[in-house]
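Protein chains: 4
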Amino acid sequence: MTKRDTRQSIIEQASELFYQKGYNLTGINEVIAEAGIAKATLYSHFKSKEDLCLAYLEHRHEAFMEKIKEFCEGKPKGAKQIIAIIEFLQPFYDSKEFNGCWCIRMVAELPKENKKVKAMIRKQKAGFLAFIQQLIEDNMPDKKPKEQKQLARRTYLLYESAVAESHLHGEDWPIHESLKMLKEICQ
Amino acid sequence: MTKRDTRQSIIEQASELFYQKGYNLTGINEVIAEAGIAKATLYSHFKSKEDLCLAYLEHRHEAFMEKIKEFCEGKPKGAKQIIAIIEFLQPFYDSKEFNGCWCIRMVAELPKENKKVKAMIRKQKAGFLAFIQQLIEDNMPDKKPKEQKQLARRTYLLYESAVAESHLHGEDWPIHESLKMLKEICQ
Amino acid sequence: MTKRDTRQSIIEQASELFYQKGYNLTGINEVIAEAGIAKATLYSHFKSKEDLCLAYLEHRHEAFMEKIKEFCEGKPKGAKQIIAIIEFLQPFYDSKEFNGCWCIRMVAELPKENKKVKAMIRKQKAGFLAFIQQLIEDNMPDKKPKEQKQLARRTYLLYESAVAESHLHGEDWPIHESLKMLKEICQ
Amino acid sequence: MTKRDTRQSIIEQASELFYQKGYNLTGINEVIAEAGIAKATLYSHFKSKEDLCLAYLEHRHEAFMEKIKEFCEGKPKGAKQIIAIIEFLQPFYDSKEFNGCWCIRMVAELPKENKKVKAMIRKQKAGFLAFIQQLIEDNMPDKKPKEQKQLARRTYLLYESAVAESHLHGEDWPIHESLKMLKEICQ
DNA sequence: AATGAATGAGCGTTCATTCAT
DNA sequence: CATGAATGAACGCTCATTCAT
Chain A
116 MTKRDTRQSI IEQASELFYQ KGYNLTGINE VIAEAGIAKA TLYSHFKSKE
166 DLCLAYLEHR HEAFMEKIKE FCEGKPKGAK QIIAIIEFLQ PFYDSKEFNG
216 CWCIRMVAEL PKENKKVKAM IRKQKAGFLA FIQQLIEDNM PDKKPKEQKQ
266 LARRTYLLYE SAVAESHLHG EDWPIHESLK MLKEICQ
Chain B
116 MTKRDTRQSI IEQASELFYQ KGYNLTGINE VIAEAGIAKA TLYSHFKSKE
166 DLCLAYLEHR HEAFMEKIKE FCEGKPKGAK QIIAIIEFLQ PFYDSKEFNG
216 CWCIRMVAEL PKENKKVKAM IRKQKAGFLA FIQQLIEDNM PDKKPKEQKQ
266 LARRTYLLYE SAVAESHLHG EDWPIHESLK MLKEICQ
Chain C
116 MTKRDTRQSI IEQASELFYQ KGYNLTGINE VIAEAGIAKA TLYSHFKSKE
166 DLCLAYLEHR HEAFMEKIKE FCEGKPKGAK QIIAIIEFLQ PFYDSKEFNG
216 CWCIRMVAEL PKENKKVKAM IRKQKAGFLA FIQQLIEDNM PDKKPKEQKQ
266 LARRTYLLYE SAVAESHLHG EDWPIHESLK MLKEICQ
Chain D
116 MTKRDTRQSI IEQASELFYQ KGYNLTGINE VIAEAGIAKA TLYSHFKSKE
166 DLCLAYLEHR HEAFMEKIKE FCEGKPKGAK QIIAIIEFLQ PFYDSKEFNG
216 CWCIRMVAEL PKENKKVKAM IRKQKAGFLA FIQQLIEDNM PDKKPKEQKQ
266 LARRTYLLYE SAVAESHLHG EDWPIHESLK MLKEICQ
């Protein structure tokens, strides 16, 4: 196993655990047990748990962006691609791994003074918002820039609500309702 | 100090700490230090930290419902009272104590298997949703029940998004944008 | 066992270990094993290993000052009491617990930036020097203050050399030689 | 870089670190980082940290003996050369690298059972004492052998005290006072 | 001859909880 | 009814050392 493989394996195990159990409730010991490595090995790849946390967030974000991009771009050109953003949530919610939004959950666990992780989360969410805006610009080129920006923000807010609330309630009506609203404002 | 006073004092201190620092990052020791009591005294009032957690959530919820009710009912009858729900957020966001939604943050910190606390959170959010629905029924009696229910859900989702996202980004545009959307769908 | 007893017992075990094995080479685990207590118990008495270190130094210093005072004051008035300071070393060296000067050894183990412990050590050595000076003032009242101060410093330096070098070489000639020098300058 | 160069470079970096930070507080990782080599490379040159410790002591001792010899022999023949031994300390103390006596500090960090390193330190100190004695024999040939030996030991003890105590107190009066004593007994 | 990756054992510290008084 | 003292288990992290390449 190469160094890169080991690193990747650590990130994957940590990703699973951090997302399912929560960051603070997951001990380094569990991560290494799952990854089948020694503690010092982990610390030769990541200088601290926080460092691993950043890698975890990056890993999730990249995988997420890739999947949602693919999903949206697979839809017919036009409003359908925007609407797809929230449609994307249903299969995610239905999967047994669904446990809400990793960003919102991580923010909830962070001490107020942790700037580094918070900064990364904000950057990622800003990236997601930028992706939505780009999608709108590409699919609704006739809208005025100001309207495009507004629609992007609204889509984003509805998406976030749908994830967080379907998770909190353990029901998927927030996804349906957000979807309906989005469809209405996309006309 | 009566037994009731002691209990109340514990809850208040815990409330402050759990909300500001996070539940898992707040130790029992900090709570008793702030409350000025002995450890065993705390455990004579609450059988576990989880028990205190439930009391904390109840305390927050009651205070919140009281305040938002008062705020909304202080507005002129009609759509204005519905819109007030999200307007309520701006001063909260501006206050230095603002630290997002305690329910969403608590859900993020819980182990998946903790049913008790999750149940209470769901009950509270359901209560909040019921309050919104009641407000709509009172202020928009002409709407059909189905429409009322839908508007309630949408208002709720926009509210939740506004809190969570203004907290996450440290900016208040999510509040403004949610508010605009709400105004549009309230017409 | 009262709280005071437990604390005292921890200090005594730590004192033994820190002095015999060295501070950095003695783990908290060994201290608690010897003291027969749980780790958290130790940390309820001392907020850190450094805190225990300070208590250890204080413990050693107090016991030392008491013993050397008694030893010196047991000698006939006059130069004999001064000379006794270094004579005191011989039985200490002969005892199987002898392991040099705890202050010099602790200074050697400290990171440069540790001001707190270094300050305590300096204060203790200054206290020891002050004791010597007082002994000289009491026993050699005819000497000029300046000479008294000088003799105190010299006695101190010879004492320190005798401890450190007898320890380093594992031989007691440094004690004998220091003693001879002291006798000569005491005349 | 030849094998010898690598080895020398390791020793030099270790020497700096061990002396400034202390032996136990210096990790192997710091040494290899400073030397710019891989961990396994270090272990191909030195079979253990203890082995490197021995090389470090040798390195310090040789450099020290060379410098002090040169310093003393640069003085006019006679008592001046003996006195120079302690005069040598003042510029050393004034330099920003001064951190006490490496031997005394190393002895303080060793486990009691470490014979090997302790033996080397004793040998070195014996060598230093022998150098002093030789210097006395050369410069005070009229003294009886017994007196020469005694003066050597006294000079040695005063030197050691001066180093250790100026280091401990962070003041140079121990050097001045030792120097004065030495001058008096050199007459 | 030199390396990068891995390790077991141990570090100092904190946690929620219990119990004799 | 309230307390001070104690605890077992787990925490995140670092150490000197080894080995396949």
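Protein chains in written order, with the numbering used here: chain A, 116 to 302; chain B, 116 to 302; chain C, 116 to 302; chain D, 116 to 302. Each residue gets a CB set at the ideal place from its N, CA and C atoms; glycine is no exception.
Worksheet item: Which term fits serine 163 of chain A, buried or exposed, when burial requires 16 or more other beta carbons within 10 angstroms of its beta carbon?
Response: Here the question's residue 163 of chain A lines up with position 48 in the first sequence. Serine 163 of chain A comes out exposed.
Discussion item. Could you check whether glutamate 292 of chain C and leucine 327 of chain D sit closer than 8 angstroms to each other, using their CB atoms as the reference points?
Written reply: Residue 327 of chain D lies beyond the range of chain D shown here (116 to 302); nothing can be said about it.
Worksheet item: When Cβ atoms are compared, which residues of the region 218–233 of chain C fall closer than 9 angstroms to chain D?
Response: The residues in question are Cys218, Ile219, Arg220, Met221, Val222, Ala223, Glu224, Leu225, Pro226, Lys227 and Lys233.
Item to complete: Report back the beta-carbon spacing between alanine 223 of chain D and glutamate 224 of chain C to the nearest angstrom; my notes put them in contact at under 8 angstroms.
Response: Position 108 of the fourth sequence, counted from the start, is the residue given in the question as residue 223 of chain D. Position 109 of the third sequence, counted from the start, is the residue given in the question as residue 224 of chain C. Yes, alanine 223 of chain D and glutamate 224 of chain C are in contact; Cβ-Cβ is about 6 angstroms, under 8 angstroms.
Item to complete: Would you please state the rounded distance, in angstroms, between the beta carbons of lysine 56 of chain B and cysteine 218 of chain B? I believe it to be under 8 angstroms.
Response: This structure does not reach residue 56 of chain B, given that chain B is present from 116 up to 302, and the question cannot be answered.
Discussion item. Starting from lysine 243 of chain D, trace the alpha helix (DSSP H) in both directions and tell me its first and last residue.
Written reply: Taking the first residue of the fourth sequence as position 1, residue 243 of chain D is located at position 128. Note on residue identity: the sequence assigns phenylalanine, not lysine, to residue 243 of chain D. Looking at the DSSP string, the run of the alpha helix (DSSP H) that includes phenylalanine 243 of chain D is 230–254.
Item to complete: State the DSSP-derived secondary structure class of cysteine 216 of chain D, mapped to helix, strand or coil.
Response: Taking the first residue of the fourth sequence as position 1, residue 216 of chain D is located at position 101. Note: cysteine 216 of chain D maps to coil in three-state DSSP.
Discussion item. Please identify, using Cβ separations under 8 angstroms, the residues of the region 193–219 of chain A that lie next to chain B, in order along the chain.
Written reply: Answer in chain order: Asn214, Gly215, Cys218 and Ile219.
Discussion item. Restricting to Cα atoms, I'd like to know which of A/Lys231, A/Pro226 and A/Glu275 is closest to asparagine 139 of chain A.
Written reply: Translated into the one-based positions of the first sequence, residue 139 of chain A becomes position 24. Measuring from the Cα of asparagine 139 of chain A, the nearest candidate turns out to be A/Pro226.
Discussion item. Taking 7 angstroms as the limit between beta carbons, can you name the residues of its chain near glutamate 145 of chain B, skipping five residues before and five after?
Written reply: Translated into positions along the second sequence, residue 145 of chain B becomes position 30. Leaving aside the five residues that flank glutamate 145 of chain B on each side, the residues in its chain whose CB is nearer than 7 angstroms to its CB run, in chain order, Leu132.
Discussion item. At a CB distance below 8 angstroms, what residues from the region 122–139 of chain A approach chain B? Give them in sequence order.
Written reply: Listed in sequence order: Gln135, Lys136, Gly137 and Asn139.
Worksheet entry | Rounded straight-line distance, which links the Cα of isoleucine 236 of chain D to that of leucine 172 of chain D | Indexing the fourth sequence from 1 puts residue 172 of chain D at position 57. Indexing the fourth sequence from 1 puts residue 236 of chain D at position 121. Distance between the alpha carbons of leucine 172 of chain D and isoleucine 236 of chain D: 8 angstroms.
Discussion item. Against leucine 272 of chain B, what residues of chain A qualify as contacts under a CB-to-CB distance less than 8 angstroms, listed in chain order?
Written reply: Stepping through the second sequence from its first residue, residue 272 of chain B is reached at position 157. Within 8 angstroms Cβ-Cβ: Leu273, Ser276, Ala277, Glu280, Pro289, Glu292, Ser293 and Met296.
Worksheet entry | Residue span of the alpha helix (DSSP H) that contains asparagine 139 of chain A, given as start and end | Locating residue 139 of chain A in the first sequence gives position 24, counting from the first residue. Unbroken run through asparagine 139 of chain A: none, as it is neither H nor E.
Worksheet item: Between isoleucine 247 of chain B and isoleucine 198 of chain B, is the Cβ-Cβ spacing less than 8 angstroms?
Response: Working through the second sequence from its first residue, we reach residue 247 of chain B at position 132. Working through the second sequence from its first residue, we reach residue 198 of chain B at position 83. In this structure, isoleucine 247 of chain B keeps its C-beta atom at 8 angstroms or more from the C-beta atom of isoleucine 198 of chain B.
Item to complete: Give a yes or no on whether 8 angstroms exceeds the smallest Cβ distance from histidine 284 of chain A to chain B.
Response: Working through the first sequence from its first residue, we reach residue 284 of chain A at position 169. Output row for histidine 284 of chain A: interface = yes.
Fill in: Assigned secondary structure, alanine 153 of chain A (DSSP; H/G/I helix, E/B strand, else coil)
Stepping through the first sequence from its first residue, residue 153 of chain A is reached at position 38. Three-state DSSP puts alanine 153 of chain A in coil, outside helix and strand.
Fill in: chain C contact residues for isoleucine 236 of chain D, given Cβ-Cβ distances below 8 angstroms
Against the fourth sequence, residue 236 of chain D aligns to sequence position 121. Per Cβ cutoff of 8 angstroms: Leu283.
Practice prompt. Can you tell me which of the three DSSP states serine 210 of chain B falls into?
Written response: Taking the first residue of the second sequence as position 1, residue 210 of chain B is located at position 95. Coil.
Worksheet item: What is the residue span of the alpha helix (DSSP H) that threonine 270 of chain A lies within?
Response: Within the first sequence, the letter at position 155 stands for residue 270 of chain A. Element bounds for threonine 270 of chain A: 260–284.
Worksheet item: Quick one: does arginine 175 of chain B have its CB under 8 angstroms from some CB of chain A?
Response: Residue numbering aside, residue 175 of chain B sits at position 60 when the second sequence is read from its first letter. Arginine 175 of chain B does not count as touching chain A.
Item to complete: Taking lysine 240 of chain B as the query, report the chain A residues whose CB atoms sit under 9 angstroms from its CB, ordered along the chain.
Response: Reading the second sequence from its first residue, position 125 is the one you call residue 240 of chain B. Identification of chain A residues near lysine 240 of chain B by a Cβ-Cβ cut-off of 9 angstroms yields Glu280, Leu283 and His284, ordered along the chain.
Fill in: Beta-carbon contacts of histidine 282 of chain A that lie in its chain and below 6 angstroms, excluding the five residues immediately before and after
Within the first sequence, numbered from 1, the residue matching residue 282 of chain A stands at position 167. Once the five neighbours on either side are set aside, the close Cβ partners of histidine 282 of chain A are Gly215.
Worksheet item: CB-CB under 7 angstroms to threonine 270 of chain B, same chain, minus the five flanking residues each way: which ones, in chain order?
Response: Taking the second sequence and counting its residues from 1, one reaches residue 270 of chain B at position 155. Beyond the five residues adjoining it in sequence on each side, threonine 270 of chain B comes within less than 7 angstroms, by CB distance, of Ile197, Ile200, Ile247 and Leu297 in the same chain, given in chain order.
Fill in: Reference valine 232 of chain A, options A/Arg122, A/Ala170 and A/Lys295, closest by Cα
Here residue 232 of chain A refers to the residue found at position 117 of the first sequence. Closest in alpha carbon position to valine 232 of chain A, among A/Arg122, A/Ala170 and A/Lys295, is A/Ala170.
Discussion item. Using a Cβ-Cβ distance cut-off of 8 angstroms, determine whether arginine 119 of chain C contacts chain D.
Written reply: Position 4 of the third sequence, counted from the start, is the residue given in the question as residue 119 of chain C. With 8 angstroms as the cut-off, arginine 119 of chain C does not count as an interface residue toward chain D.
Fill in: Chain-order list of residues whose beta-carbon lies under 8 angstroms from that of lysine 154 of chain A (same chain, five-residue window excluded)
If you number the first sequence from 1, residue 154 of chain A lands on position 39. Ile143, Asn144 and Ile147, listed in sequence order.
Discussion item. Here's the rule: buried if 16 or more other CB atoms are within 10 angstroms of the residue's CB, otherwise exposed. What is glycine 137 of chain B?
Written reply: Numbered from its first residue, the second sequence carries residue 137 of chain B at position 22. It is buried - the Cβ of glycine 137 of chain B has at least 16 other Cβ atoms within 10 Å.
Worksheet entry | glutamate 127 of chain A to threonine 117 of chain B span [Cα, whole Å] | Here residue 127 of chain A corresponds to residue number 12 of the first sequence, with the count starting at 1. Here residue 117 of chain B corresponds to residue number 2 of the second sequence, with the count starting at 1. Whole-angstrom Cα-Cα distance: 53 angstroms.
Practice prompt. Mind reading off the beta-carbon distance from histidine 174 of chain A to threonine 121 of chain A? Whole number of angstroms is fine, and I expect it under 8 angstroms.
Written response: Along the first sequence, one-based indexing puts residue 174 of chain A at 59. Along the first sequence, one-based indexing puts residue 121 of chain A at 6. By a beta-carbon distance limit of 8 angstroms, histidine 174 of chain A does not contact threonine 121 of chain A. Their separation comes to about 15 angstroms.
Worksheet entry | Outcome for glutamine 249 of chain D when other beta-carbon atoms lying within 10 angstroms are tallied against a minimum of 16 | Position 134 of the fourth sequence holds residue 249 of chain D. Glutamine 249 of chain D counts as exposed, since fewer than 16 other beta carbons sit within 10 angstroms of its beta carbon.
Practice prompt. Give the straight-line distance between the Cα atoms of glycine 242 of chain C and glutamate 212 of chain B, rounded to the nearest whole angstrom.
Written response: On the third sequence, residue 242 of chain C is found 127 positions in, with the first residue counted as 1. On the second sequence, residue 212 of chain B is found 97 positions in, with the first residue counted as 1. Looking at the two C-alpha atoms, the distance is approximately 51 angstroms.
Worksheet entry | Enclosing alpha helix (DSSP H) for glutamine 196 of chain D [first to last residue] | Along the fourth sequence, one-based indexing puts residue 196 of chain D at 81. Boundaries of the alpha helix (DSSP H) around glutamine 196 of chain D: 194–202.
Practice prompt. Return the CA-CA distance between tyrosine 274 of chain C and alanine 178 of chain C, expressed in angstroms with no decimal places.
Written response: Counted from its first residue, the third sequence places residue 274 of chain C at position 159. Counted from its first residue, the third sequence places residue 178 of chain C at position 63. The alpha-carbon atoms of tyrosine 274 of chain C and alanine 178 of chain C are separated by roughly 17 angstroms.
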